[in-house]
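Numbering (our numbering), first residue to last: 690 to 1028.
Each residue gets a CB set at the ideal place from its N, CA and C atoms; glycine is no exception.
As the structure is a prediction and not an experimental result, all values here were calculated from the model.
Each remark here refers to the structure printed beneath this line.
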């Protein structure tokens, strides 16, 4: 019986490139890493519901809650302790109407929540508030409707200006314009400046797509939407159009621009990061969160690695900061790794 011969080993010529050299140990991989995630680059989206006696779990988003005002304060304090960059607040009112009057009521749930969080954490976090009417309207659209049921862009801008002022008076450091109305940044910036809120920053959801990945969010805010938002949110087929949206928003005075969703639009995010003259945010939305949680719960993926990798990929594509429901947990992991 003939013994198989062992092939001779190829010996690279001295000085030749071996790309694996920089992957040989955790320390070497850390040294060679091109992208990092820091807790200060993470923003936690938080839901607060009017009339709750205790926090309520959101079924489609395991681990995420609708907060009471008291539990919201605790969540904000935890976020500050974790070293996050900020929180983004969403209000869920008990009563809704055609024009979303609860959004501009000083005693409305979102405005009260803003004041609560600012009182709790001061300047330890950037306290951000969602500036959109969809959570406050009985029809669930992001604006005022015409008699025929279409969203009236310019009538909606009047409400956005009023909403921006209500949020600024409550103490918001940054208002997040998520409605995708044409001209919204200019109108809100002028309204804020006209009332002396020169230091209140404006984040424009500049490239917000009409996405299927928002599904669990609809449960979180108890959306009443019938139909869809395709006449004002962007077509998922379009990439170059995002650059036009971003350029307009920057020209109108946006301090930060956002791409939403994140993972399915990393090409758009990279484009925006390459062209933007202001910081770029990306929102890892509810559907992205729910998919990872569901797969992990079934044992199909390593949850911690999937969470970390997904946020890292958003940073790698160019986001300066990331809105993610894993913000506090991920910040804890990052601090563990850096001890």
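Applying the criterion that 16 or more other CB atoms from any shown protein chain within 10 Å of the CB defines a buried residue, is residue i buried or exposed?
i	result
residue 784	exposed
residue 782	buried
residue 791	buried
residue 786	exposed
residue 837	exposed
residue 824	buried
residue 812	exposed
residue 905	buried
residue 717	exposed
residue 1027	exposed
residue 889	buried
residue 846	buried
residue 986	exposed
residue 989	exposed
residue 715	exposed
residue 918	buried
Look up residue i in the DSSP assignment and give the residues it is bridged to.
i	result
residue 882	In the DSSP output, where bridge partners are listed per residue, residue 882 has none listed.
residue 786	826
residue 734	777
residue 923	898
residue 971	948 and 1011
residue 1021	According to DSSP, which records beta bridges pairwise, residue 1021 is partnered with nothing at all.
residue 862	DSSP, once it has assigned bridges, lists no residue as partnering residue 862.
residue 746	754
residue 819	865
residue 892	865 and 945
residue 840	834
Considering only their Cβ atoms, is the gap separating residue j from residue i smaller than 8 angstroms?
i	j	result
residue 789	residue 754	no
residue 916	residue 894	no
residue 766	residue 810	yes
residue 776	residue 737	no
residue 935	residue 979	no
residue 730	residue 1004	yes
residue 807	residue 892	no
residue 744	residue 760	yes
residue 875	residue 854	no
residue 869	residue 921	yes
residue 832	residue 913	no
residue 977	residue 878	no
residue 1012	residue 732	yes
residue 859	residue 804	yes
residue 996	residue 1019	yes
residue 834	residue 841	yes
residue 898	residue 975	no
So which of the options has the shortest CA-CA distance to residue i?
i	options	result
residue 1007	951, 1017, 908 and 880	951
residue 901	805, 924 and 884	924
residue 817	802, 827, 826 and 982	802
residue 757	739, 746, 751 and 748	739
residue 798	814, 812, 1023 and 778	778
residue 929	909, 910, 956 and 903	956
residue 961	933, 941, 847 and 873	933
residue 741	711, 719 and 780	780
residue 993	724, 1021, 856 and 1010	1021
residue 750	714, 998 and 983	983
residue 937	720, 885 and 871	871
residue 1009	963, 974 and 975	963
residue 884	857, 943, 863 and 898	857
residue 873	882, 827 and 849	849
residue 793	819, 726 and 815	819
residue 882	931, 1014, 943 and 826	943
What I want to know is whether the C-beta of residue i ends up closer than 7 angstroms to one or more non-hydrogen atoms of the ligand ZN.
i	result
residue 741	What this structure holds is no ligand at all, so the ligand ZN is not there to describe.
Contact between the stretch 698-708 and the stretch 766-782 is defined here as three or more beta-carbon pairs at a separation below 8 angstroms; is this criterion met? no
Any contact of the stretch 939-953 with the stretch 969-987, i.e. 3+ C-beta pairs under 8 angstroms? yes
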